[in-house]
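A.B. asks: Dumping the structure here so I can ask a few things about it.
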Amino acid sequence: MIVCGIETSCDETSVAIYDSKRNKFYSLVSSQVDIHSKFGGVVPEIASRNHALNVMPLFIDVLKMAGVSKEDINLIGVTKSPGLIGALFVGVSFAKGLAFGLKKPIVGVNHLFAHIVSTEIENDVKPPYLGVVISGGHTHIYLVDECYNLKLLSKTIDDAVGETFDKIAKFAGLPYPGGPFIEELAKKGDEDAVQLPIGLKGDNDFSFSGLKTHVINTITSNKFKLEDVAASFQRVVVDTLALKIDYALKRTGVDVVVVAGGVACNNYIRENLPKKLNMHCYFPSKKLCTDNGDMVAYAAYLLYRKRKFLSKFESALDIDEFIK
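What follows is the structure, encoded as structure tokens:
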């Protein structure tokens, strides 16, 4: 089966071709980081316009890369939610037009589901497992069963972990996106120098707003080197993730953890979260942690194979559905 995956949920346009018979992926990404960095964050209208400019050229180029024609495509997958409304609209409109023109089936894919299952692309792992999404907009833990049904176990009640990285970095005068710059600073710091709180310590859900405020106040006080603050912050992020994952492991009885999303690019988290949990954790490669069409194509393939989308085939990509 040849699957086309289209991703436009935020500030990266990506189109991928997945050849399931050969288990081969071909993918292109157009990033808008340089465009939005001058504004200190993503500007939704600018993101949407750039998606509209980029999606067709990427589609043409990825077909050439994969050595297939548009007529060879058997299935189209597209991110339908969550994300920026205008950005999603571009991808969904393109995918629906493509599906209509080629008379091919289309599957709307949940962005978080795609991140979770992206771990399977390069790892020998299958559900049941805990799917942990750590990104700029989400910090969620799901139980993923054998049929790829998701049950939400934990979520953030305020800031997402990636959002917390970026807000702290912005306050500290670091460039956008701030996560990699905090990680680089932290390499030179003492992670035990600053005592920082874990939010909602006895609860299943996450809270990072208190940690964010505490870090900002610590920076303002000028009592600690910025490198020490960054290192201590990363340590507490790992402690928080490990605590909530441990709660979820005990509640569900599963013994496999996959961790995905943009923040999963962080080397400190990749190295220290498994140590803190005292177990192996599966991560996608870094190129699959950020938004990409590969994960959308693969997720669409899984959903199509399970026929999970058929009960809502007509409504799954209606505008009222995907902007929720």
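Quick note, this note's numbering runs 202 ahead of the 1-based positions in the sequence shown. The C-beta atom is built at its ideal place from N, Cα and C for all residues, glycine as well.
To which residues does DSSP link ALA462 through a beta bridge?
C.D. replies: Residue numbering aside, residue 462 sits at position 260 when the sequence shown is read from its first letter. According to DSSP, ALA462 bridges with VAL335.
A.B. asks: Per DSSP, ILE204 forms a beta bridge with which residues?
C.D. replies: Sequence index remark: in the sequence shown, residue 204 carries index 2 (1-based). Partner(s): ASP221.
A.B. asks: Pick out whichever of THR454, ASP263, ARG437, LEU277 has its Cα sitting closest to the Cα of ASP347.
C.D. replies: Translated into positions along the sequence shown, residue 347 becomes position 145. With distances taken between Cα atoms, ASP347 lies closest to THR454.
A.B. asks: Name the two residues that bound the continuous beta strand (DSSP E) containing HIS342.
C.D. replies: Indexing the sequence shown from 1 puts residue 342 at position 140. 341-346 is the extent of the beta strand (DSSP E) around HIS342.
A.B. asks: Could you please give the first and the last residue of the uninterrupted beta strand (DSSP E) stretch that includes ILE315?
C.D. replies: Translated into positions along the sequence shown, residue 315 becomes position 113. First, the residue type needs correcting, since residue 315 is Phe and not Ile in the sequence shown. Taken as a continuous stretch (DSSP letters only), PHE315 belongs to no beta strand (DSSP E), being part of the alpha helix (DSSP H) at 313-319.
A.B. asks: Might you give, ordered along the chain, the residues of its own chain that have their beta carbon closer than 8 Å to the beta carbon of PHE511, omitting 5 neighbours on each side?
C.D. replies: The count along the sequence shown starts at 1 and reaches residue 511 at position 309. Interpretation of PHE511 is limited by its pLDDT of 49, a score under 50 that renders its predicted location unreliable; the figure taken from the coordinates is listed afterwards. Answer for PHE511: VAL309, GLY310, LEU505, ALA518, listed in chain order.
A.B. asks: The beta strand (DSSP E) that contains LEU355, what's its start and end?
C.D. replies: Walking along the sequence shown from the start, residue 355 turns up at place 153. First-last of the beta strand (DSSP E) with LEU355: 352-357.
A.B. asks: Using only alpha-carbon positions, find the residue among LEU265, ILE208, LYS452, PRO476 that is nearest to ALA297.
C.D. replies: Start at 1 with the first residue of the sequence shown, and residue 297 comes out as number 95. Comparing Cα-Cα distances from ALA297 to each of LEU265, ILE208, LYS452, PRO476, the minimum goes to ILE208.
A.B. asks: Taking the straight line between their C-alpha atoms, what separation do you get for PHE435 and ARG224?
C.D. replies: The residue you call residue 435 lines up with position 233 of the sequence shown. The residue you call residue 224 lines up with position 22 of the sequence shown. Distance between the alpha carbons of PHE435 and ARG224: 43 Å.
A.B. asks: Which term fits ARG437, buried or exposed, when burial requires 16 or more other beta carbons within 10 angstroms of its beta carbon?
C.D. replies: Here residue 437 corresponds to residue number 235 of the sequence shown, with the count starting at 1. Under this definition ARG437 is a buried residue.
A.B. asks: Roughly how many whole angstroms lie between the Cα atoms of LEU304 and ILE471?
C.D. replies: Against the sequence shown, residue 304 aligns to sequence position 102. Against the sequence shown, residue 471 aligns to sequence position 269. C-alpha separation (whole angstroms): 43 Å.
A.B. asks: From LYS328 to VAL460, what does the alpha carbon distance come to, in whole angstroms?
C.D. replies: Taking the first residue of the sequence shown as 1, we reach residue 328 at position 126. Taking the first residue of the sequence shown as 1, we reach residue 460 at position 258. Approximately 10 Å between the Cα atoms of the pair.
A.B. asks: Rounded to whole angstroms, what is the Cα-Cα separation between LYS526 and ARG509?
C.D. replies: Working through the sequence shown from its first residue, we reach residue 526 at position 324. Working through the sequence shown from its first residue, we reach residue 509 at position 307. For LYS526, the pLDDT reaches just 40, beneath the cut-off of 50, and the residue's location in the model is therefore unreliable, leaving the point undetermined.
A.B. asks: Buried or exposed for LEU265, please, with buried defined as at least 16 other CB atoms from any protein chain shown within 10 angstroms of its CB.
C.D. replies: As a working mapping, residue 265 is identified with position 63 in the sequence shown. With 16 or more other Cβ atoms within 10 Å, it is buried.
A.B. asks: Could I get the ranges of all uninterrupted beta strand (DSSP E) runs contained in the region 246-307, with 3 residues as the minimum, in chain order?
C.D. replies: Runs found: 277-283.
A.B. asks: Does DSSP classify LYS226 as helix, strand or coil?
C.D. replies: For the purposes of this step, residue 226 is identified with residue 24 of the sequence shown, where counting begins at 1. Residue state, collapsed to three classes: strand.
A.B. asks: Per DSSP, what are the beta-bridge partners of THR210 in this structure?
C.D. replies: As a first step, residue 210 is located in the sequence shown; it is residue number 8 there, counting from the start. THR210 pairs with nothing; no bridge assigned.
A.B. asks: Which residues in the same chain as GLY242 place their Cβ atom closer than 7 Å to its Cβ, once the five residues preceding and following it in sequence are excluded?
C.D. replies: Start at 1 with the first residue of the sequence shown, and residue 242 comes out as number 40. For GLY242, where only same-chain residues beyond five positions count, the Cβ hits under 7 Å are LYS372, TYR378.
A.B. asks: Could you give the DSSP three-state label for PHE151: helix, strand or coil?
C.D. replies: No information on residue 151 is available, as it lies outside the stretch 203 to 526 that the chain covers here.
A.B. asks: Does the distance from the CB of SER320 to the CB of TYR500 come in under 9 Å?
C.D. replies: In the sequence shown, residue 320 corresponds to position 118, counting from 1. In the sequence shown, residue 500 corresponds to position 298, counting from 1. Cβ atoms of SER320 and TYR500: closer than 9 Å.
A.B. asks: Can you tell me where the alpha helix (DSSP H) holding ALA444 begins and where it ends?
C.D. replies: Residue 444 sits at position 242 when you count from the first residue of the sequence shown. Unbroken alpha helix (DSSP H) run through ALA444: 428-454.
A.B. asks: Mind reading off the beta-carbon distance from VAL155 to VAL431? Whole number of angstroms is fine, and I expect it under 8 Å.
C.D. replies: Because the chain in this structure spans residues 203 to 526, residue 155 falls outside the shown range and cannot be described.
A.B. asks: In terms of residue numbering, what span does the alpha helix (DSSP H) encompassing ASP496 cover?
C.D. replies: The residue labelled residue 496 in the question sits at position 294 within the sequence shown. Counting along the chain, the alpha helix (DSSP H) containing ASP496 begins and ends at 495-508.
A.B. asks: Quick one: Cα of GLY404 to Cα of HIS342, how far?
C.D. replies: Taking the first residue of the sequence shown as 1, we reach residue 404 at position 202. Taking the first residue of the sequence shown as 1, we reach residue 342 at position 140. For GLY404 and HIS342, the distance between alpha carbons rounds to 17 Å.
A.B. asks: Take the Cβ of ASP522 as the centre, count every other Cβ of all protein chains shown within 10 Å, and call the residue buried at 16 or more, exposed below.
C.D. replies: Sequence index remark: in the sequence shown, residue 522 carries index 320 (1-based). Because the pLDDT at ASP522 is just 46, under 50, the model does not fix this residue reliably, and the value given afterwards should be weighed accordingly. Classification of ASP522: exposed, given that the 10 Å Cβ count is below 16.
A.B. asks: Do three or more CB pairs link the region 267-276 to the region 233-253 at distances below 8 Å?
C.D. replies: They do not touch, by the three-pair rule.
A.B. asks: If you draw a straight line from the C-alpha of HIS253 to the C-alpha of PRO259, how long is it?
C.D. replies: Walking along the sequence shown from the start, residue 253 turns up at place 51. Walking along the sequence shown from the start, residue 259 turns up at place 57. One C-alpha to the other measures close to 10 Å.
A.B. asks: Reducing DSSP to helix, strand and coil, say where TYR470 ends up.
C.D. replies: For this step, residue 470 is matched to residue 268 along the sequence shown. DSSP places TYR470 in helix when its eight states are reduced to three.
A.B. asks: Under 9 Å between the Cβ atoms of ILE323 and PHE227?
C.D. replies: One-based indexing of the sequence shown puts residue 323 at position 121. One-based indexing of the sequence shown puts residue 227 at position 25. Cβ atoms of ILE323 and PHE227: closer than 9 Å.
A.B. asks: Distance, Cα to Cα, ILE384 vs THR442?
C.D. replies: Locating residue 384 in the sequence shown gives position 182, where the first residue counts as 1. Locating residue 442 in the sequence shown gives position 240, where the first residue counts as 1. Going from the Cα of ILE384 to the Cα of THR442 covers about 17 Å.
A.B. asks: From the DSSP output, in three-state form, read off VAL396 for me.
C.D. replies: On the sequence shown, position 194 is the one that residue 396 refers to. In the structure shown, VAL396 sits in coil (DSSP, three-state: anything other than H, G, I, E or B).
A.B. asks: Are the region 404-422 and the region 352-365 touching, with three or more C-beta to C-beta distances below 8 Å?
C.D. replies: Taking 8 Å as the limit for Cβ pairs, the verdict is that the region 352-365 does touch the region 404-422.
A.B. asks: So the alpha helix (DSSP H) LYS369 belongs to, where does it begin and stop?
C.D. replies: If you number the sequence shown from 1, residue 369 lands on position 167. Start and end: 363-373.
A.B. asks: In terms of alpha-carbon separation, which member of SER337, LEU376, LYS446 lies closest to PHE315?
C.D. replies: In the sequence shown, counting from the first residue as 1, residue 315 sits at position 113. Checking every option, the nearest Cα to that of PHE315 belongs to SER337.
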